[in-house]
Ligand SMILES: Cc1ncc(C[n+]2csc(CCOP(=O)(O)OP(=O)(O)O)c2C)c(N)n1
Ligand SMILES: Cc1ncc(C[n+]2csc(CCOP(=O)(O)OP(=O)(O)O)c2C)c(N)n1
Ligand SMILES: [Mg+2]
Ligand SMILES: [Mg+2]
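Protein chains in written order, with our numbering: chain A, 71 to 429; chain B, 71 to 429; chain C, 3 to 369; chain D, 3 to 369.
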């Protein structure tokens, strides 16, 4: 590919503007209204889930929660763009993406409530465990994608990372392996402009993060990450291309982390409320809602139905999360190896003995 | 910087063509004839040194030798472009660069003959130890450069890596730190097109390695690495810019590794002699010699004098390398810490006891 | 040693527990003295570390503090709180998010005469820097025959007990203690936190400074600046005659609790706080074990191949004929660090240590 | 066990010493059988490893071999010689130069049902992959409660004695053996090289397969394919009554030499080859030491915090009342690996091991 082909455009790709009006794009058509409605519904549900998780954290039901608030368009639209057989590689931030993938919210929150590290079956949902060590998941995604390619399977992989994580060596190695192997993987960089307290300007001097793709001979796209329609269209196209043998792509979604890094963080120490306010006006859910209302695809009754449905799911989640999970101490020694070793067996006995003494 | 400014040109920068004719370049003027003569002399000396080291390896005097043959223009011109106070960060391949920096050839070969790991005083020459773990030196270079910048010193840093090493995570982290901190460092990628047996096409799909700079918001230059004049002009400008606060740059020098990876390698297993032959015709030393002869800056007598001088140095080196170095086993315990620990003292005693038993 | 230690309830939300009191104090008095002046007060380990960094920055212009979120935020544990504001972005600053990059640039800076003190945000997030630590930081003095020493300090908040999710509670000290060329130090008290960190920063060699994060909010009454024993010495925290508990970092407090509990069982327990894992203070430890004839090593890290194995092996070598029973180890189980809701079962507890003491063949020996 | 071992002179130019004999043999007979047919012949460890990879590739289509220079070149030690030619670039291939990338992609491939066998070119060049190994490879089965097992083999040529310059002779096993979730295996003979590698590839868990590179050219007379004891068992390589030498990898041959030499001093030495460092075969080792009452652990790695510490500590725990003397350790010194011209002084030698044996308090006990 010539460098020109690789370079992202000068402005982020946008299909719906802040006021909910359609924008024409030379390369991408807007998704059907049916798709937009689905994205809307999922974003509303995702946001309500996110609020619920935040509330549960305040009540001490979760050990920690990194909110997706403000990033719903990226997470929901990217996941919705995936095919059934595609694999998803999330980070700790992608609770909403995982819920959108159809995973039981309680299973999504298992890790974050302090229960076992991964609450869901990765194979059942084709979703890797939430990944905390930054950027390490990008390499796994490339490996899985390349394995599928070698097998001749029609599978693409979508992996999320943050703006900060692009600085890690692993991201670089993943981009390069993907390009060299023509692995069917799409890297979605949710550029929410902060890595905990570090703003993008201290993270990178690149014109855009999408420009990083050039150095790997990979396509880079710079997308308005608060425009669900644009995220959907670009990611979908990239996944289709990848599955068809077109190789990997990097999609930077420009968005904003509305909440603090996690509930334990105090964003007031490092950023201005004014900046947050600016982005509040660019809300991704409201944007799509405006379009759908204006175009008559959504009326007040439907809007309320969507909200009620989300409310119901949240209530169900709240109820289920109120019960403390039952953990069995003896399980500590399970799944360290496929077959427990004699050595671990002795340690398990020691613990069992202690517990029986206590009882 | 705008993306356009960052992008390298479509063809490598060249100031002297294969036939030794000057080529006009819109951005760079050709160095003075005095400089060209110096580059020529240093390249002849460097090549003769390299041949000598290879011969010493055959005689079992060196444990291993990675030859610089074919890459003299990159190594010599880049080092000559450095200022007195600038620092050099070499890899295992840069013996010729180190000799050009003025380091005693025996000290340069200390590591490779199996003697202590670094034979020279890094502070005396402002040259870091030869670095074997790939790309790790790039980060050190950035750190030193940034320390100098923070102190307000007028110091720039030149660090060499190979095409293969650009794939390592550390290279990425170094490029990014350098750009973010505006550290005065110039990354010289000697793209000799092979990483042991792996050709560039399996290493990267980037249009050129210089294109990697774009993703860091750093200037990238793509240079004919067998054109000493071009390497000198571009690296010198980049170092001057860096010293003046203009930030880092990446300079890709397109060249070729004429010999096997090291004496222990068998290049016949993975590459065609025809390819090597092609590059033999692009010899960097002959190219400059042609120009100097054609322009009358060099005559046959001077040419012979240069060769004789190089021959003399090689003979001196040969003689000095014939003596086996004297190593003291007790030195094993020195310089592990600034002050030996009691623990190491006991181990030293154990060894001393063993040696006295043997004697 | 002007410190007494009290153990506070374990904190589950680190970031909110940190305070800026020490920071403010120090800033107020900046103009008057070259070190934070003596104030005997209740000081947390986090505050002591903060004060040590502040005083080092003030005393030595070559000291730099950097890492992820150490600037404006003051670190996720607030250990660098207020430093960027006081010393400016040139002395205390955020880096891009890349740990090999952080350690690698620290190496380069030290080559140019700086004394970088870098923070790894959590134990497991130091692993990306492993090659830089192992192949360069540990070896550069040796490789250059003493011509390039690297006075770099890597601060690693380590260990569990804070309710952290996976990758936030590793005890990684054994990786470093097995790597010649590194010094490895870990404080068990607020006073040591200050003193050892000052020593580490002043040391000509690279020091991996392991901070027992669950003790960040442990308080001690002490005068700042405080200096305790030299960095390479172990300390008998509590004398006893029957058995030696050898501990370090977070387990020092647990060992002291155990000693209290053991008294009820009729055992007089001596507690040795190693402080310096490398170099190892054979003298203090060996003297103690020869006196008591029994020893248990305690750490949070997985037992197999852990640092306790070295302690047990070398103590046995040096005290074989004084031992009434084998040196036992109480460490974490040999499993990946478990989720918060199960970590209490994984970590060494007073009861588990007491059980080990009880297994030291008292009947036979007592006879 | 159909193998006898002979130690060849140490080789200083690895690449040129490798041969393609086994490769050619195997290729010729490919059509006939699903495994390399039985040929009792003199086989080097390198050849045995090559045959194991070939047979695994042939038997199981999910096996993939990749890494740096493993394709056309056949690896710098020629362990993968001929595999790309025989199985094609889709089964055996070169990667870009990035070790975290290699291990990370192997993890992803294993998640999709593959069995990747990756090569790290030298011990110290596996360090960049440390985070991938420690935080993911070792933990993914546990993190997913058994839903994602990772049958990945990481081959690490380790140890010294080949005249390699810095960073080419590290013994890094202790970093891996302290990491729960990894299995760590190392052959001491050509027959074990074949058998253990086949076992490792077939194993459902990640295996760090440590290859003692200085023994690549050690020959054994054996039938290929050969199967020896199961992967998790230690083996008594030579029975004896007076003292147990516990060794693994390159040191097995050295221990056997020592046993020969010890006979002249009047000691009947038993040699145990651990083979599997994790899990540890307590049964075999404990039985031996209880029988002999004395033990010395030998490895090349630096002694402090090395794997030998674990062996000494656990053997002491389990054999305390059988021990006539403390378990001693003979390892490399606690220094960065020295330059080639001094490595002979650093590495455990027959004499140094004999000295340790002599220090096992024979007078007192013999009385
Ligand atoms: C290797 C590693 N280093 C450090 C951390 C600690 N950490 C967790 S999240 C985070 C910031 C990540 O920022 P970004 O990639 O932009 O993602 P975001 O949180 O904004 O979604 C840091 C430093 C980590 N998890 N892993
Ligand atoms: C981290 C690391 N991995 C692997 C190696 C082994 N190795 C030494 S040189 C080399 C190839 C390097 O190629 P390139 O960067 O192009 O430099 P060149 O040798 O061509 O100058 C390899 C794989 C190493 N030295 N360090
Ligand atoms: Mg971010
Ligand atoms: Mg190269």
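Even glycine gets a Cβ: it sits at the ideal position worked out from N, Cα and C. What you are looking at is a predicted structure, and each value in this text was computed from that prediction instead of being measured.
Counted within 10 angstroms of its Cβ, other Cβ atoms place residue i as buried (16 or more) or exposed
i	result
residue 248 (chain A)	buried
residue 232 (chain D)	exposed
residue 390 (chain B)	exposed
residue 350 (chain B)	exposed
residue 333 (chain B)	buried
residue 18 (chain C)	Caution applies to residue 18 (chain C), whose pLDDT of 34 falls short of 50 and renders its modelled position unreliable; the model cannot decide the point.
residue 348 (chain C)	buried
residue 409 (chain B)	exposed
residue 392 (chain A)	exposed
residue 165 (chain A)	buried
residue 415 (chain B)	exposed
residue 190 (chain C)	buried
residue 427 (chain A)	exposed
residue 80 (chain B)	exposed
From the options, residue whose alpha carbon lies closest to that of residue i
i	options	result
residue 268 (chain A)	C:84, C:300, C:71, C:65	C:71
residue 188 (chain C)	C:282, C:82, C:132	C:282
residue 387 (chain D)	D:305, D:116, D:108, D:124	In the structure displayed, chain D extends from 3 to 369; residue 387 (chain D) sits before or after that span and is not available.
residue 292 (chain C)	C:302, C:309, C:57, C:272	C:272
residue 403 (chain B)	C:183, C:166, C:219	C:183
residue 82 (chain A)	A:298, A:369, A:376	A:298
residue 435 (chain B)	B:182, B:101, B:111, B:129	The requested residue 435 (chain B) does not occur in the structure, where chain B is confined to residues 71 to 429.
Neighbourhood of residue i by C-beta, 7 Å cutoff - its chain only, sequence neighbours within 5 removed
i	result
residue 280 (chain B)	78, 290, 291, 292, 320, 322
residue 208 (chain B)	229, 231, 240, 241, 244, 257
residue 266 (chain A)	331, 335
residue 29 (chain C)	With a pLDDT of 38 at residue 29 (chain C), under the threshold of 50, the predicted position of this residue should be treated as unreliable, though the coordinate-derived value follows. The answer, listed in chain order, is 84, 88.
Beta-carbon proximity list for residue i, same chain, < 6 Å, skipping 5 on both sides
i	result
residue 50 (chain D)	192, 195, 196
residue 387 (chain A)	122, 175
residue 320 (chain D)	288
residue 201 (chain B)	161, 207
residue 142 (chain C)	150, 152
Residue i CB to nearest heavy atom of ligand 6 below 8 Å
i	result
residue 349 (chain A)	For the structure depicted, ligand 6 is absent and the ligand set comprises only ligand 1, ligand 2, ligand 3 and ligand 4.
Report task. Compile a chain-ordered list of the residues in the segment 283 to 306 of chain B whose CB is closer than 9 Å to at least one CB of chain A. Result -> Per Cβ criterion, the list reads 283, 284, 285, 286, 287, 288, 290.
Query raised in the report: Does the pairing of the segment 160 to 177 of chain D with the segment 156 to 171 of chain C give three or more beta-carbon distances under 8 Å?
Result: They do not touch, by the three-pair rule.
Query raised in the report: Taking one C-beta from the segment 320 to 339 of chain C and one from the segment 191 to 209 of chain C each time, how about it: are there three or more such pairs within less than 8 Å?
Result: no
Query raised in the report: Going along the segment 120 to 154 of chain D in order, which residues come within less than 7 Å of chain A, judged by CB to CB distance?
Result: 133, 134, 137, 138, 143, 144, 145, 146, 147, 148, 149, 150, 151
Query raised in the report: Is it a yes or a no for the segment 217 to 228 of chain B touching the segment 183 to 192 of chain B, going by three-plus beta-carbon pairs under 8 Å?
Result: No: the two stretches stay apart, fewer than three of their Cβ pairs being nearer than 8 Å.
Requested in this report: Can you give me, in chain order, the residues of the segment 235 to 254 of chain A that have a beta carbon less than 7 Å from any beta carbon in chain C?
Outcome: From the segment 235 to 254 of chain A, only 235, 237, 238, 239 have a Cβ closer than 7 Å to chain C.
Requested in this report: Identify each residue in the segment 398 to 419 of chain B for which the Cβ-Cβ distance to at least one residue of chain D is less than 7 Å, and report them in chain order.
Outcome: Those residues of the segment 398 to 419 of chain B placed with their C-beta closer than 7 Å to a C-beta in chain D are 399, 402, 403, 406, 413, 414, 417, ordered along the chain.
Query raised in the report: Can we say the segment 347 to 363 of chain B touches the segment 297 to 310 of chain D, given the rule of at least three CB pairs closer than 8 Å?
Result: Contact fails between the segment 347 to 363 of chain B and the segment 297 to 310 of chain D, because fewer than three Cβ pairs, one in each stretch, are under 8 Å apart.
Query raised in the report: Taking any Cβ of chain C, which residues in the segment 261 to 280 of chain B have a Cβ under 8 Å from it, in chain order?
Result: none
Query raised in the report: Three or more C-beta pairs closer than 8 Å, one from the segment 114 to 128 of chain B and one from the segment 377 to 385 of chain B: is that the case here?
Result: Contact holds: three or more Cβ-Cβ distances are below 8 Å.
Query raised in the report: Name the residues in the segment 278 to 308 of chain C whose C-beta lies less than 7 Å from a C-beta of chain D; which are they?
Result: 304, 306, 307, 308
Query raised in the report: Are the segment 225 to 241 of chain C and the segment 67 to 81 of chain C touching, with three or more C-beta to C-beta distances below 8 Å?
Result: no
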